[in-house]
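I have placed the structure first, in the form of structure tokens, so that the comments after it can refer back to it.
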Amino acid sequence: MQRVEEAYAKINLYLDVTGKRPDGYHELKSVMQTVSLSDTVTVSAKLADYSCITVEMPGSDIPADERNLAYLAAEAFLEETGISAAVSVTVEKRIPDRAGLGGGSADCAATLRALNHLFAFPLSQSALLSLAARLGSDVPFCLLGGTRLCTGRGEQMKEYPMEDAFFVVALPEGEKMKTPEAYALLDDAFENYENEQSELHDALFSFFEEDGIDGMYNVFESVVLPACEGASSLRSRLLSLGARGAMMTGSGTAVFGVFDSEDAARYAADDIEGAIVCKSVPAYSL
Ligand code: C5P
């Protein structure tokens, strides 16, 4: 049996770090949005005496072994359900990696969705969400998709009302950022996250609640953009090409612009090499 799932990229419309936790992770306040840039994840599964998992990512240099989040998702699913099966996952990769677009988390979540469907829903939505949270901070959001306010490590979610929007995603050449490195830069810059600046961020957040996209904010911009000239100039370029707002997503280094119409987004994208036009995608039906 086989199931094909689209694994949509995410962008952060709002991202603030409000504290550091004793376990080393950070407390977040984040509004995430799934967008129509996706990997295609095909999962085949067959009951077997012994479990065996293979992952393939044709044309990608991301390791397709036990370190791959799709592999870890299949492994965790089989362990949690006690199912013994031969599982093979093929990922047609389109979401750029180390860009803040949640590609690995999206593949991970898509593998969980596919396996739960293939085996006739052995896990409830809440069991699937806890499994997702163990696999990575963005995986619960990527499991559900749509627009959500995510707090805690990212696993506490509330659906968020958001108008449909068009986006242009642009990638600076040669500038990549690993998430733990971006958090380390932030820790160096903010001795204490619960400082005056956080109050300012809270004010911006309430602004965002009333005014949607006009209140976009990403705390990582302050530490990542000074070191990433390409990302910085793409952000300005998007604004000069008519974006309502432009910002880096997640810990970077991809940036996106928000546009009111597909035509406006295409006009801007035509002027930026490799730019991707996408639109907001609603929640998955689980
Ligand atoms: O949870 P995930 O494995 O995706 O996180 C990758 C890295 O990002 C963690 O190892 C940690 O350094 C950082 N992180 C964090 N706080 C979060 C989410 C991620 O410190 N809420």
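Residue 216 is where the sequence shown starts when you use this note's numbering, and the numbers rise one by one after that.
Idealized CB from N, CA, C, for every residue including glycine.
Less than 7 Å between the beta carbons of residue i and residue j, yes or no?
i           : j           : result
residue 315 : residue 467 : yes
residue 434 : residue 231 : yes
residue 247 : residue 323 : no
residue 453 : residue 472 : yes
residue 381 : residue 494 : yes
residue 234 : residue 408 : yes
residue 499 : residue 369 : no
Give me the Cα-Cα distance between residue i and residue j, rounded to the nearest whole angstrom.
i           : j           : result
residue 311 : residue 318 : 7 Å
residue 344 : residue 357 : 10 Å
residue 328 : residue 450 : 34 Å
residue 384 : residue 439 : 17 Å
residue 218 : residue 308 : 17 Å
residue 306 : residue 272 : 5 Å
residue 486 : residue 226 : 21 Å
residue 480 : residue 294 : 44 Å
residue 402 : residue 240 : 11 Å
residue 406 : residue 335 : 49 Å
residue 432 : residue 280 : 36 Å
residue 346 : residue 461 : 33 Å
residue 443 : residue 282 : 28 Å
residue 386 : residue 337 : 39 Å
residue 252 : residue 377 : 18 Å
residue 216 : residue 445 : 45 Å
residue 270 : residue 278 : 9 Å
residue 292 : residue 350 : 11 Å
residue 404 : residue 417 : 19 Å
residue 489 : residue 355 : 29 Å
Quick check on this structure: which residue in the options has the alpha carbon closest to the alpha carbon of residue i?
i           : options            : result
residue 333 : 356, 353, 289, 365 : 289
residue 254 : 267, 242, 224, 277 : 224
residue 236 : 367, 324, 437, 441 : 367
residue 375 : 487, 494, 229      : 229
residue 553 : 313, 321, 262, 274 : Outside the displayed span of the chain (216 to 501) sits residue 553, for which this structure offers no information.
residue 300 : 362, 463, 268, 278 : 268
residue 261 : 278, 458, 303      : 303
residue 325 : 276, 393, 353      : 353
residue 463 : 483, 455, 436      : 436
residue 371 : 395, 220, 400, 242 : 242
residue 257 : 276, 496, 341, 285 : 285
residue 390 : 341, 448, 259      : 448
residue 363 : 417, 340, 497, 457 : 497
residue 483 : 417, 361, 457, 404 : 457
Name all residues in chain order for which at least one heavy atom of ligand 1 lies closer than 6 Å to the residue's CB.
Qualifying residues, in the order they occur: 240, 241, 243, 351, 352, 353, 368, 369, 394, 395, 398.
Mind pulling the beta strand (DSSP E) runs of 3 or more residues that sit fully within the segment 279-367?
300-307, 362-367, all fully within the segment 279-367.
Which ranges would you report for the alpha helix (DSSP H) in the segment 459-485 if only whole runs of at least 4 residues count?
With a minimum length of 4 residues, the continuous alpha helix (DSSP H) runs that stay inside the segment 459-485 are 477-484.
Complete runs of the beta strand (DSSP E) confined to the segment 254-278 [at least 3 residues]
Note on the segment 254-278: whole beta strand (DSSP E) runs with a minimum of 3 residues are 267-271, in chain order.
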